[in-house]
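Data block below; observations after.
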Amino acid sequence: MESKKSNTFFLLVSIFIITLTAGCKKDDPDTLYMFGALTFNLPSYTFPGDSILIEASGITKPEEDSIVYTFQGKHFTPDSIVARSAWFTMPDSLGTYTLTLMASAEGYTKSSTSRSTTVIHDVFSVMMEGFIPSGDSIIDPRDNNIYYFKRFGNLDWFIQNLNWNEVGMTYSNIPALGFMMGGLYSWNQALSGDNTPVSPPLPASGLGNGPQGVCPQGWSIPTAEDWADLATAVSGTAMGFFDPWNGLGEIFALDARVNGNKVWMYHPDNEKTNTTGWNALPAGYAILSGDTFSGYGQTSFWWAACADGNQGYYRLIHYAVDRFSCAATDKSSVFASVRCVRKAGDNSQSD
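Going by our numbering, the sequence shown opens with residue 3, and the numbers climb by one from there.
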């Protein structure tokens, strides 16, 4: 009995000593941590075989010349390289791929980060699952982009967003998103075709008489009258530009997918039936020359060639609302989507 008590006592003492030793153990005094947030510039969307210069950044300590950067990513070319910056070729197959970057330096703990890119098809009508091309299209002679159009009422309308990159920007400055969602332009850019401020008076009234702006030759930015003609044609009821267009948002919105993933967020109040074939997509918008991007997957704005002082009008669809609403915002600091129109049957821009 005494032997058992003695053994138990020594066992407890041993555990206490081990615990005390572990509790008193200090971190290695020579361990240093890197300052800053490691990052690199892999776009969230790319095309098969794209060649992109990717550069590491963000670490402020230790000194740059003492850091070793290592990129690794299966399916990228190269799939592993030690360099601060390097050209990478994107995978050839559609899908989402991850590239990892590790930074190491003698005497410092390692830092690592990963980013993913989704490789998408480079033809809009193939990329955008659910999009049904109309029987009519044009080739923009400025850049050879193809745009499908459809007649609504008295006008032909683009059934996809304009993507002309001489002015404006793409969402998050990602070129592939321009092909997917179109470009983003300020009201002034949309109506002038450059960065020139536009002041009233605007072009004379009459359908299809808006300014060409950023649109191809023979096409124009839709006026308030053009927009009203669209709503009237689709609803079968006379509607004005400033009406709320209740119920029209969901029949103009396309519940599309890219690589099998929905592009619109879901909400039961907007089923996105796209029965009109207008194909509204959630391109989002930009503010302050691209300092801020917002709304991708949730909303989209389309400019109208009408204004109130420093405010330009636009129509918008939100994923959770069935309306195709009207609003106004600053002419120069907000960047939104563009649809182009022309008088039905006007072939001044060859098809």
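Ideal Cβ positions, reconstructed from N, Cα and C, are used throughout, including at glycine.
Per DSSP, cross-strand counterpart(s) of residue i
i, result
"Asn-272", "His-269"
"Thr-331", "Gly-314"
"Ala-88", "Ile-56"
"Lys-112", "Note: Lys-112 sits in no beta bridge, so no partner."
"Gln-74", "Ser-82, Thr-102"
"Thr-48", "Val-121"
"Asn-263", "Val-260"
"Leu-164", "DSSP output for Leu-164 lists no bridge partner at all."
"Phe-151", "Asp-138, Phe-160"
"Ser-302", "Gly-286, Ile-319"
Secondary structure of residue i, DSSP reduced to three states
i, result
"Glu-227", "helix"
"Tyr-316", "strand"
"Tyr-173", "helix"
"Thr-277", "coil"
"Leu-250", "helix"
"Asp-67", "helix"
"Phe-126", "helix"
"Leu-232", "helix"
"Gly-97", "strand"
"Leu-186", "strand"
"Leu-40", "strand"
"Gly-286", "strand"
"Ser-237", "helix"
"Leu-209", "coil"
"Gly-347", "coil"
"Val-336", "strand"
"Thr-23", "Unreliable positioning characterises Thr-23 in this predicted model, as indicated by a pLDDT of 44, which lies under 50. A coordinate reading is not provided."
"Ala-107", "coil"
"Trp-157", "The sequence shown places Leu at residue 157, rather than the Trp named in the question. If DSSP states are grouped into helix, strand and coil, Leu-157 belongs with the strands."
"Ser-139", "strand"
"Lys-28", "Low confidence applies to Lys-28: its pLDDT is 49, below 50, so where it sits in the model is not reliable, and the reading given next is rough at best. Looking at Lys-28 - three-state DSSP - the assignment turns out to be coil, as it is neither helix nor strand."
"Ala-322", "coil"
"Phe-181", "helix"
Proximity below 8 Å, CB of residue i to CB of residue j
i, j, result
"Ala-111", "Thr-33", "The sequence as given places Thr at residue 111; Ala does not occur at that position. Yes, they are a contact pair."
"Met-171", "Phe-303", "no"
"Tyr-99", "Phe-73", "no"
"Cys-342", "Pro-143", "no"
"Gln-162", "Tyr-149", "yes"
"Ala-107", "Ile-69", "yes"
"Phe-49", "Asp-124", "yes"
"Gly-212", "Pro-224", "yes"
"Thr-278", "Glu-252", "no"
"Phe-326", "Leu-250", "yes"
"Gly-220", "Asp-348", "yes"
"Asp-228", "Leu-164", "no"
"Ile-122", "Asn-272", "no"
"Thr-115", "Ser-46", "no"
"Ala-105", "Tyr-71", "yes"
"Phe-154", "Val-236", "yes"
"Met-1", "Met-182", "Nothing in the structure corresponds to residue 1, since the chain is present only between 3 and 353."
Between the CA atoms of residue j and residue i - distance to the nearest angstrom
i, j, result
"Ala-306", "Tyr-316", "5 Å"
"Gly-184", "Ser-95", "23 Å"
"Lys-264", "Asp-138", "26 Å"
"Ala-282", "Ala-240", "22 Å"
"Ser-291", "Asp-196", "14 Å"
"Gly-180", "Leu-186", "8 Å"
"Gly-297", "Leu-256", "16 Å"
"Leu-193", "Asp-324", "28 Å"
"Ser-335", "Gly-109", "47 Å"
"Gln-191", "Trp-166", "11 Å"
"Met-60", "Arg-86", "Met is not the amino acid found at residue 60; the sequence shown has Gly there. Those two C-alpha atoms are separated by around 11 Å."
"Glu-65", "Ala-226", "58 Å"
"Lys-333", "Val-340", "14 Å"
"Arg-344", "Trp-280", "15 Å"
"Asp-35", "Asn-43", "The residue you asked about is not Asp; residue 35 is Tyr in the sequence shown. Answer to the nearest angstrom: the Cα atoms are 23 Å apart."
"Ser-222", "Leu-232", "15 Å"
"Asp-67", "Glu-57", "15 Å"
Closer than 7 Å: residue i CB and nearest the ligand HEM heavy atom
i, result
"Thr-100", "With respect to the ligand HEM, the structure offers nothing, as it holds no ligand at all."
Close-in-space but distant-in-sequence residues of the same chain around residue i (CB under 8 Å, 5 per side omitted)
i, result
"Ala-330", "Ala-309, Asp-310, Gln-313, Gly-314, Tyr-315, Tyr-316"
"Cys-26", "Bear in mind that the predicted position of Cys-26 carries a pLDDT of just 42, short of 50, making it unreliable; the figure below should be weighed with that in mind. So the list is empty, once near-sequence residues are dropped."
"Thr-102", "Phe-73, Gln-74, Gly-75, Ser-114, Thr-115, Ser-116"
"Thr-301", "Pro-284, Gly-286, Tyr-287, Leu-318, Ile-319, His-320, Tyr-321"
Contact set for residue i: own chain, Cβ-Cβ below 7 Å, skip 5 residues either direction
i, result
"Ser-127", "Phe-133, Pro-135"
"Ile-141", "Ile-148"
"Ala-230", "Met-241, Gly-242, Phe-243"
"Cys-328", "Phe-243, Phe-244, Tyr-315, Arg-317"
"Arg-259", "Glu-131, Gly-132, Val-265"
"Lys-28", "Here Lys-28 scores only 49 on pLDDT, less than 50, and its place in the model should not be relied on; the value that follows carries that caveat. Cβ within range, chain order: n/a, list empty."
"Phe-354", "The structure shown has nothing for residue 354, since the chain only spans 3 to 353."
Nonlocal neighbours in the same chain, by C-beta distance under 6 Å from residue i, ignoring five residues either side
i, result
"Val-200", "Asn-190, Leu-193, Ser-194"
"Trp-89", "Ser-53, Leu-55"
"Ser-188", "Ser-334, Phe-337"
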